[in-house]
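Contents: one structure, followed by commentary.
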Amino acid sequence: MAVSSVAPEPDVSVVVIVYNDEERLSTAVGSVLEQTLRNVEVIIADDCSTDGSFAVAQALAAAHPGTVRAIRLPENSGGCGEPRNQGVKAARGRYVMFLDSDDTLERNACRNMVEAADRTEADLVSGLCVRVYTDNRHGKRVAWYPWMYRTTRTLESVAELPDLFVFDTLSTNKCYRRGFLVDNDLAFPRGIHYEDLLFSAQAYLAARRITLIPNTVYHWNVVEKTAAKSISNRRGEIRNFADRVEIHRRIDALLDRQGQERLKLWKDIKFLKHDLVLYLRELPFLDDDYRHGFAELARDYVQDFPEAAYAELDRVHAICAQLLLREDWAGLMPAIDTLINRHKIATPLAERDGRIYWTDRHLDDPEMRAVLDVTTLGYHAKRLNQMSLRNRLTDYTAHDGDVRLAGEIVNPLGVIAPGAKLSAELEFRARRRSLQTFSFPVTALSHEGDTIAWRAEVPLSRRLRPLGIIDDVWDVRLHLTADGTRTTSRLTVGTVDLENTEALPVRPRLTRLLADRIEAQVSAKGHLAFRLAQHGQAARAGHAAVRRNLHGRPARAAKGAYRKLRAVRRDLNSGARKLQVYERMLTRLPIRKGTVVLESHLGKQYSDSPRAIYEELRRREVPVTAIWSYAGERPKGFPEDAELVRRWSWRYLKALAQAEFWIDNQGFPLRLAKRPGTTYIQTWHGSALKRMGFDEPSQRMQSEQEQRAYQQALDRFDHFVVRSEHDVRTLARAYRIPEHKLLRTGYPRNDALVRARESTAPDPRARRLAERLGIDPAKKVLLYAPTFRAHRDGRVRDFAFPFDVEEYADRFGDDHVLLVRAHYLNRLTLPPSVAGRVIDVSAEPDITPLLLLADALITDYSSVMFDYALLQRPLVFYVHDWEEYAGDTRGTYFDLLAEAPGPAPRTPEELFAAIGDLDAVHATYEARLKEFVDKYGEYDRGDAAAQIVDRFFGPAGEAR
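Residue numbers 26 to 985, in this note's numbering, belong to the letters of the sequence shown in order.
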């Protein structure tokens, strides 16, 4: 029998491109040769390297005949496209993949991708790419757009998943059917950068079927500290941006030919949000010629983008885009600083007609006036110690071991008064934690227009004494104190030239053999920093020896032990370990009689019914040990003498494990089991309009295991407080609370409301609140307390007034004060124009004093309606989006419009009409309001806290 000498057709041809990368080429090819799919060929396409890369390629081909082939382009193509094209021409496999010489394939990449392609008959299979930061000491790895690769999915068209087309533009994490590439004449563009973008767009649009797999297939190796940037990272070269724009124009033409308007919009949005920003970040460090050329290229391309694309930009992005188009560098450079450092206030700002603007320029242009309006960002509402201010470096001079620094700190809206007493110091802090800091006085400070100018002489060589081994990077901060209030800023370098400055001598504590110079540099976010360096031969040799020792066996062992200790510490503080210790150890400790753990809104507040019960216990001087939980870094609003434990801390877990009583209004952590000897009183936080618990469709759609775990958490409740039979029919049923657990006492938090209704004297808490807020006693007080809104996917929408709050203030501000309490999931910012007439009270820890103070309530669907109704004061329901709210998948328990004990305006004008005649509202709805209270607050009689304390903390306590 004759034996054929023709090798079988490979399953995959992997095209490995290389240019002047002889050291890493073998590793890349090795990752292909070690694939678990054996029938793979390698084609090394050398782009006319000038080093030994092609010799390495030939040696690999000789070592693996029939598996590895090497080809060489006659001249360098200047990009990655043409070597790949030549590799595809030489390929024999059923499928083709691409690999760069400085990257590697995951060991099962070829098998997983080929199996997916054969199974789904896809033209293109794409897998997860992981960026591996090879010079990062922590082994940093970042998945590339992982949300698209959570599960296997097959698309009949890329239009089904626009994110894939827009974001995953790599060609290297994909497997292509070779016949598909040939039949569609797909090739990379020649002589231009960003060839991946166009090739991927063409492939996506041509593919009859695309399969995504959740497996990691490609390791993209990244060197963060490299001196020579890759082609795609040379963003300071104008040709780089010109190539990117040209590639995008070609993609636009392709989309236009195919009528893909939706994909075109998504791509435009991504260009504005991502591509443009990559270059904006470096613009402050480049000269005027580059800036002008860049602006011309950008303007010619993006000025015709549809309004819908610009509408997707956040405020700072939009400001940057518009100022760039107008080449307003004075306004753009600070905007870029804020774009990079999101919390920074980078300009003096301007106030016009009660609104806050980024700059006082361009305000005569209505379109720009709208773009520059930053009122909603809330800069004007911040106090000085809450501000991160732009501090622009204006001078850096190094000489004889000293550094002269000068700068200007922006003074937004004159927050630092001209006569303020000023002092400042510079702090040099090692970037790694728990190391040294050095402080130097700022010798000159003065108001200069809308900035605070400063100057300092820093004897850096004499005073800065680093260790020299683990503190090689030093950050600089300036602490400015104005009339006793401190703000801290970083030093923005901008156009100050640091590259040509003198390196300063330095004396590390561990000898100059580790470093002998310290050099100024720019941090990733544009701030001044310093790095230790080795200039002399002794320092270079010493540093090299230390580096070798740091990677030697003893050092590796020491590092390994240290990492293990850190891992143990992380493990001890992990949620899983805490649960384990809680269940196995803490719950075996004896219960401490008389100990009560209280929590309100997951530890966020000192408020609600738990507060009312606590204060009743204190009023009676009941001998209990009360412990409050708090969430966040620092507790706010709690009594000074209250015992506090941070939520999820070890003290918190121990307190819960040993408590005789748990009292809260929302739910202690679901996975914490309650001991039989502990009594859990769940006060809840409001009657229900919208469906809750197991009545929610989303809850019913959960797995049986998830529902069982949820039910177990609910079963911990020993008692559940209700305020009406409506609660019994809704909340108790939705949470499957049996009859014997129900406490028909009413809400303890509402005792104060019932007492206020039955008293003619003003409530002292309301009076103190009005004084603190500076409210004129002659004015009526309205409280606006809406609930939050959510997108279809559950994300909370940003707060927005559904009426013109400035129009409200103009119409009613002379004799009314509007208090606005946003939901705790929202953030509210009021324009300065309404100051004194509209007040943000969202930060008030307890809503009860606000209800007591308000002469009328404006709400929508918030459960606060049930509480405020007890006061028998006017209620206005502004239900501008009732159909959307009531018609979503969750649904409501009753028709609010049919039962509302107050008018339900749908438009701003109807709302203002109701506000304008609250006496008529009260008269018209008085009887209906009483019916509403009888139905939804029948057990709120003013003694709920007393009933609960009597029952559970009275002399007998037998009913626990």
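We put the CB at the ideal spot given by N, CA and C, even for glycine.
Quantities reported herein were computed from a predicted structural model and do not represent experimental measurements.
Compute the Euclidean distance between the alpha carbons of L308 and F266, then round it to the nearest angstrom. The C-alpha of F266 is placed about 12 angstroms away from the C-alpha of L308.
Classify I495 as buried or exposed, calling it buried when 16 or more other Cβ atoms lie within 10 Å of its own Cβ. Flag for I495 reads exposed.
Return the bridge partner residues of G432 from the DSSP annotation. As computed with DSSP, G432 is found in a beta bridge with L418, W479.
If you draw a straight line from the alpha carbon of F693 to that of R613, how long is it in whole angstroms? Roughly 19 angstroms separates the two Cα atoms.
Express the C-alpha separation of V845 and F919 in angstroms, rounding to a whole number. If you take the alpha carbons of F919 and V845, they lie about 26 angstroms apart.
Simplified DSSP assignment, three categories, for N246: Strand.
Give the single residue among Y404, T422, H424 whose Cα lies nearest to the Cα of R415. Cα-wise, what sits closest to R415 is Y404.
Proximity of F978 and V649 at Cβ, strictly below 8 angstroms: Cβ atoms of F978 and V649: closer than 8 angstroms.
Identity of the residue in A84, V37, T177 nearest R119 by Cα: It is V37.
For R454, the three-state DSSP class (helix, strand or coil): In this structure, R454 counts as strand in the three-state DSSP scheme.
Those residues which DSSP pairs with Q707 across a bridge: DSSP output for Q707 lists D689, F745 as bridge partner(s).
If you count every other CB in all the chains shown that lies within 10 Å of the CB of A253, and 16 or more means buried, which is it? Its pLDDT being 38, under 50, A253 is placed unreliably by the model, and nothing is read from it.
Counting only runs of 4+ residues fully inside the region 284–364, write out the alpha helix (DSSP H) ranges in chain order. Considered as a whole, the region 284–364 harbours 286–295, 301–305, 313–327, 332–336, 340–350 as its complete alpha helix (DSSP H) runs of no fewer than 4 residues, in chain order.
Mapping the DSSP letters down to three states, classify N137 as helix, strand or coil. In this structure, N137 counts as helix in the three-state DSSP scheme.
Closer than 8 angstroms is the cut-off here; do at least three beta carbon pairs connect the region 383–397 with the region 355–372? Touching, per the Cβ criterion.
Q737: buried (16+ other C-beta within 10 angstroms of its C-beta) or exposed? By the neighbour-count rule (16 or more Cβ atoms within 10 Å), Q737 is not buried but exposed.
Can you look up N161 in the DSSP assignment and give me helix, strand or coil? Three-state DSSP puts N161 in coil, outside helix and strand.
Reducing DSSP to helix, strand and coil, say where V43 ends up. DSSP places V43 within a strand segment (E or B) once states are collapsed to three.
Report yes or no: do three or more beta-carbon pairs, one from the region 357–366 and one from the region 542–561, lie closer than 8 angstroms? Taking 8 angstroms as the limit for Cβ pairs, the verdict is that the region 542–561 does touch the region 357–366.
First and last residue of the alpha helix (DSSP H) that includes R793? Where R793 is concerned, the enclosing alpha helix (DSSP H) stretches over 789–798.
Unbroken beta strand (DSSP E) runs of length 3 or more, entirely within the region 156–210: which are they? 166–168, 178–180, 199–202, all fully within the region 156–210.
Use the C-beta contact count for A684: other C-beta atoms within 10 angstroms, 16 or more gives buried, fewer gives exposed. That one is buried.
Across the region 592–599 and the region 623–632, are there enough close Cβ pairs to call them in contact, namely three or more that are closer than 8 angstroms? Look at the beta carbons and you see the region 592–599 not touching the region 623–632: under three pairs across the two are nearer than 8 angstroms.
Rounded C-alpha distance that separates D752 from K955: Rounded to the nearest angstrom, the two C-alpha atoms are 18 angstroms apart.
Could you check what DSSP says for N525 in three-state terms: helix, strand or coil? Secondary structure of N525 (DSSP, three-state): coil.
Between which residues of its own chain and W169 is the CB-CB distance below 8 angstroms, once the five residues before and five after are set aside? Once the five neighbours on either side are set aside, the close Cβ partners of W169 are L153, C154, V155, R156, D193, L195, N198, W245.
Cα-Cα separation, L189 to A142: Spanning the two alpha carbons is a distance of roughly 18 angstroms.
Would you be able to state if there are at least three C-beta pairs under 8 angstroms between the region 302–322 and the region 204–212? Cβ pair count under 8 angstroms is below three, so no.
Which residue comes first and which comes last in the alpha helix (DSSP H) that contains G439? Judged by DSSP secondary structure, G439 falls outside any alpha helix (DSSP H); it is assigned neither H nor E.
Strand pairing of H841, partner residues [DSSP]: When DSSP reads this structure, H841 sits in a beta bridge with K805.
Beta-carbon separation of L943 and L876 under 8 angstroms? No; because the gap between Cβ atoms is not below 8 angstroms, this pair is not in contact.
Checking the sheet assignment: what are the DSSP bridge partners for P466? Paired residue(s): E450.
Going by CA-CA distance only, name the one from Y950, G962, G718, Y833 that's closest to G916. Closest by alpha carbon: G718.
Considering A651, what are the terminal residues of the beta strand (DSSP E) in which it resides? 650–655 is the extent of the beta strand (DSSP E) around A651.
Count the other CB atoms, across all protein chains shown, that sit within 10 Å of the CB of P466; report buried if there are 16 or more and exposed otherwise. Exposed, because fewer than 16 other Cβ atoms sit within 10 Å of the Cβ of P466.
Are the beta-carbon atoms of G444 and P484 separated by less than 8 angstroms? No, the Cβ-Cβ distance between G444 and P484 is not below 8 angstroms.
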